[in-house]
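I have placed the structure first, in the form of structure tokens, so that the comments after it can refer back to it.
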Amino acid sequence: MDINLIEFQFFLKLSEKLTAFTSFQLQGTGVAEAYYSTVKNVVGVTIFQELIDTFNKIQTDSDDETSLDKEIRHRILSNSKLGPVARNIIKMWFVGTWYQLPNYWLEKYGVSNSDSTFVVSENAYKEGLLWPTIGAHPMGAKAPGYGTWEDPPKIPTV
Amino acid sequence: MSNDHSKITYTIDHSTASQKVYDVVIVGSGISGSILANEIAKEGFSVLIVEAGPGKDLSLTGYEKLLNTFYTAVTKDNNAPYKSNPNAPMPRSPKVQKARLGHPNTDNYMVQNGPFVTDTSYSRVVGGTTMHWEAKTPRMLPEDFKMRTLFDKGLDWPITYRELQPYYRMAEKEIGVSGNVESQEFKHLDPITKEFSETSLYADNYVYPMHQMPPSYLDKCVAKDINGTTLELDGDKKELKVRSFPQGRNGIPNVEYRKYNNGEVYRPVAAVSSHQAEIGERCQGNNNCTPICPVQAKYDARKTLAKALRTGRVDLLPQTIASKVVVNPENGRVTSIEYKNYKDVNSSEYESGVLKGKIFILAANAIENARLMLASGLKSTSNLMGKNFMDHPYLLCWGLLPENTGTFRGTICTSGISDIRSGHFRRKQAAFAVDIHNDGWGWATGSPYTNLLDIVDNKNKYGTALRKELVSQVSRQLLLAFMVEMLPETSNKISVNPQYRDRLGNMRPVVSFHVPDYSMEGVAYGRELSKQLFQRLGAEDYSIYDPLDYGYVNYNGSGYAIRGGNHIAGTHIMGTSERNSVVNFKQRSWDYDNLFLIGAGSMPTIGTSNTTLTMAAMCFLSAEEVIKDLKKITSKTEIASPIYNSISG
Ligand SMILES: Cc1cc2nc3c(=O)[nH]c(=O)nc-3n(C[C@H](O)[C@H](O)[C@H](O)COP(=O)(O)OP(=O)(O)OC[C@H]3O[C@@H](n4cnc5c(N)ncnc54)[C@H](O)[C@@H]3O)c2cc1C
Ligand code: SF4
């Protein structure tokens, strides 16, 4: 995949907003492309494109953070087609798992048989953003070292 | 010990094994079977281990495959690293469902008659259940061996704590325990004077092989408020204190231990068949001891098994299920074990055959030992085979602390409360130990995953708000797990029924189980205590017990969701005669002289200790007996050139 693809860049921008991690941090996980392909594969190119386009328009339309937040809620998160997809992107970033989309969504918009709950990859599990968010590490990976648990957790401020 | 990192290869095929008469045939390669195999082989005798699970996990690549299966498993349950194997199935907790009156629950491998449905589990893989144990290793208390005499409850053991003490030390060396003796010196009863004793549980200024695991930051925060809590229980005054638990994972060797290790400092045992020295050294705080330790800092039975295989006198037959113990009715001796060997976990094809030995040892765990004996038509004179099934009921209590103390850091549990393990109150209610969990509410609620889903799907948060809410919901979590004592009752039992079989036609275990009132009295007291402790901590109590929960038990008007303890025990209890027990204190069957049934199944009571250390101690004692027998019945087999290639590099 050509990661300079404009669409991928927009996917990263959207992910930044949804997760409050910087694009630099997101790319640092090494699984950004895998997530991009996963969403595209499972929801299909058309809906994915619609999500990206909507986000793009929102960005151009909003002139400050407050209106951006409002538009994301109004036009993406509350949208019955795009909302569940956006929420799945958040979950995937935080724990590396793609969760099966809700039944009503699948009935109405589902295109792919590959929609089930699955862990995207071994690395996706290890790179979940939830762990650094709470000053911890994924269970069973990236061990912090002997005795580190004696000290208070280092929870990054956002 | 320069062999530690050498590669182990073991090759024996079934037709070669079938032609031999081994000194000892052992069923099961868990900690019990592996300790016996190693001790016996060290004395020059030949051993065959029959193991139901696949054997590839003895290599580092095999182990890494297990890790990968774990990372990519959607449901990270206790058996998550293991692919399902219908040829040698094992219980899996996510499959457990609520019992319906009069309908046995048959979905899971264990058929459950109820009324209590347990989510207890074990593994059928090389190394057995220690592959995913948590590795807490407290000893039992002297009073635990004398429950009938002291409290008029349960049963007495035919052996005392003091008699078992030297074997406890052997077990602590074998497992490699990190711990602090002082932290275990809480008040306990002297079984003779029946009063609280000042004498040490350990004697001779004993120390553990390695220093205690450092207590977590969470432990220290909790201790600040909980230490000094006083309470009165059946006339005994108690003062609570947070204490560290001894555990079987690699820490920093204690130089004082030299006295107990032939003058040498204890050397932590590294990963099995690894060439990389950095793997398998100190615990790195992966917080994943159950279901699998990524760096092999935690003891698992493959460490003992590898030593046994390196003697060159132990053969291992993986993917081989012992399906029948065959007895000669004329002399009451076991003549052979019938087996079923499958080539592929994905196919039901198998070949069967017969394995011969002089002495037979069943080390398949409490449920599987009883299952195999009953499926072989071998009850016992006492009619107690499979009866007195026990397991620790757990009550979970969870709350949110006022401050971020951090979760999912360090080993799963480093400290807890042990003061209520002992006391005169045990004539009325069960004792318990309390664990402070470093992995938050995970066990109770599926946190942190459930928190994430709730925040995204219900709290409608994303971005910065989501991150803040995650910290607020997860980093303040406290879970106290009350591990409650359970006593033997003959109606709690394992049986078999030809109606229920696995894919290869072996009968599945059928469990009939209820949580006795004695334990529930302890559970109810534990719940009240948790409220008091949460008050002291200024914690918000979030514990709820759903009546629809499969483990829901109603007791005296209140409901509790009970979890299985994974400490299955008591199905072939030891005692003083063939009328009151299945085995003697050396775990020899009363009915079949050359048969030993080993493991926690032999325990007449389980007190408030996780069972494995005590079972390992019992295994060292049994090993001496088996070796004595073998020396009597056979001149030592010649020490032939090792069958295994155990060359370094
Ligand atoms: C999640 C979890 C956490 C635990 N934590 C602790 C803890 O902190 N402290 C503690 O003390 N204990 C703990 N335990 C319990 C501990 O793991 C067991 O007590 C211990 O591993 C039992 O050892 P064993 O050798 O007797 O049996 P197992 O380890 O169960 O080994 C039996 C072996 O026999 C094999 N087998 C079974 N049937 C057959 C057959 N028919 N033919 C051939 N082979 C067969 C199995 O495949 C297995 O390899 C925990 C258990 C679980 C599940
Ligand atoms: S905390 Fe981690 S490194 Fe330590 S024993 Fe457990 S899984 Fe292994």
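The listed protein sequences derive, respectively, from chains A and B.
The first sequence begins at 1 in this note's numbering and counts up one residue at a time.
The second sequence begins at 1001 in this note's numbering and counts up one residue at a time.
Ideal Cβ placement from N, Cα and C applies to all residues, glycine included.
Who are the near neighbours of residue i in its chain, counting only those whose CB is closer than 6 Å to its CB and skipping five residues on each side?
i               : result
A136 (chain A)  : none
Y1394 (chain B) : A1481, M1483, R1563, G1565
G1357 (chain B) : Y1022, V1024, V1025
Q1276 (chain B) : Note that Q1276 (chain B) scores a pLDDT of 42, beneath 50, so its modelled location is shaky; the value from the coordinates is reported in the next line. Cβ neighbours of Q1276 (chain B) beyond the five flanking positions: none.
S62 (chain A)   : L68, E71
V1111 (chain B) : P1104, Y1500, R1508, V1510
M1140 (chain B) : G1607, S1609, T1614
P1081 (chain B) : L1066, T1069, F1070, P1291, I1292
According to DSSP, what are the bridge partners of residue i?
i               : result
K1493 (chain B) : B:K1387, B:S1512
D1156 (chain B) : B:K1146
S1558 (chain B) : B:Y1555
N1580 (chain B) : Bridge partners of N1580 (chain B): none, in fact.
V1434 (chain B) : B:I1417, B:F1482
E1338 (chain B) : B:K1324, B:V1354
S1475 (chain B) : Partner(s): none; S1475 (chain B) has no beta bridge.
E1232 (chain B) : B:K1237
C1397 (chain B) : B:L1480
V1024 (chain B) : B:V1047, B:I1359
Return yes when the C-beta of residue i is under 7 Å from any heavy atom of ligand 1, and no when it is not.
i               : result
V1125 (chain B) : yes
N1108 (chain B) : no
V1314 (chain B) : no
M1615 (chain B) : yes
H1392 (chain B) : no
L1372 (chain B) : yes
I1031 (chain B) : yes
A1073 (chain B) : no
H1437 (chain B) : no
Are the C-beta atoms of residue i and some chain A residue less than 8 Å apart?
i               : result
I1633 (chain B) : no
A1277 (chain B) : Caution is warranted here: a pLDDT of 42 is assigned to A1277 (chain B), below 50, making its placement in the model unreliable, and the coordinate value is therefore given only provisionally. Closer than 8 Å: no.
V1125 (chain B) : no
C1413 (chain B) : no
D1013 (chain B) : no
M1468 (chain B) : Residue 1468 (chain B) is actually Lys in this sequence, not Met. Cβ-Cβ to chain A under 8 Å: yes for K1468 (chain B).
G1551 (chain B) : no
D1457 (chain B) : yes
C1283 (chain B) : yes
G1463 (chain B) : yes
Does the distance between the C-beta of residue i and the nearest non-hydrogen atom of ligand 2 fall short of 7 Å?
i               : result
K1076 (chain B) : no
Q1212 (chain B) : no
R1249 (chain B) : yes
K1298 (chain B) : yes
P1294 (chain B) : yes
T1411 (chain B) : yes
A136 (chain A)  : no
N1610 (chain B) : no
Q1284 (chain B) : yes
With 8 Å as the threshold, decide whether the Cβ of residue i is near any Cβ in chain B.
i              : result
L106 (chain A) : no
I90 (chain A)  : yes
T97 (chain A)  : yes
P153 (chain A) : yes
E150 (chain A) : yes
R87 (chain A)  : yes
V42 (chain A)  : no
F94 (chain A)  : yes
V31 (chain A)  : no
V158 (chain A) : yes
Report all residues from its chain with a CB closer than 8 Å to the CB of residue i; omit the five preceding and five following residues, and keep chain order.
i               : result
A1444 (chain B) : L1396, W1398, L1479, S1543
For residue i, collect the residues of the same chain with a Cβ closer than 7 Å to its Cβ; drop the 5 residues on either side in sequence, then sort them by chain order.
i               : result
L1597 (chain B) : L1362, N1369, H1572, V1582, V1583, Q1587, S1589
F1585 (chain B) : P1158, I1159, M1574
E1469 (chain B) : I1455, K1459, K1461
Chain A contacts from the region 1472-1486 of chain B (Cβ-Cβ distance under 7 Å): Residues V1474, S1475.
Contact residues within the region 115-148 of chain A, judged by C-beta distance below 8 Å to chain B: Those residues of the region 115-148 of chain A that come within reach of chain B (Cβ to Cβ, closer than 8 Å) are T117, F118, V119, S121, E122, Y125, K126, L130, W131, T133, I134, G135, A136, H137, M139, G140, A141, A143, P144, G145, Y146, G147, T148.
Under 7 Å (Cβ pairs) to chain B, residues found in the region 6-22 of chain A: Per Cβ criterion, the list reads K17, L18, T19, A20.
Selection of the region 1059-1093 of chain B by Cβ proximity to chain A, strictly under 8 Å: Result list: L1067, N1068, F1070, Y1071, T1072, A1073, V1074, K1076.
Members of the region 1168-1194 of chain B near chain A, C-beta cut-off 7 Å: Along the region 1168-1194 of chain B, there is no position whose C-beta sits under 7 Å from a C-beta of chain A.
Residues of the region 1606-1621 of chain B with Cβ closer than 8 Å to any Cβ of chain A, in chain order: Residues passing the 8 Å Cβ filter: none.
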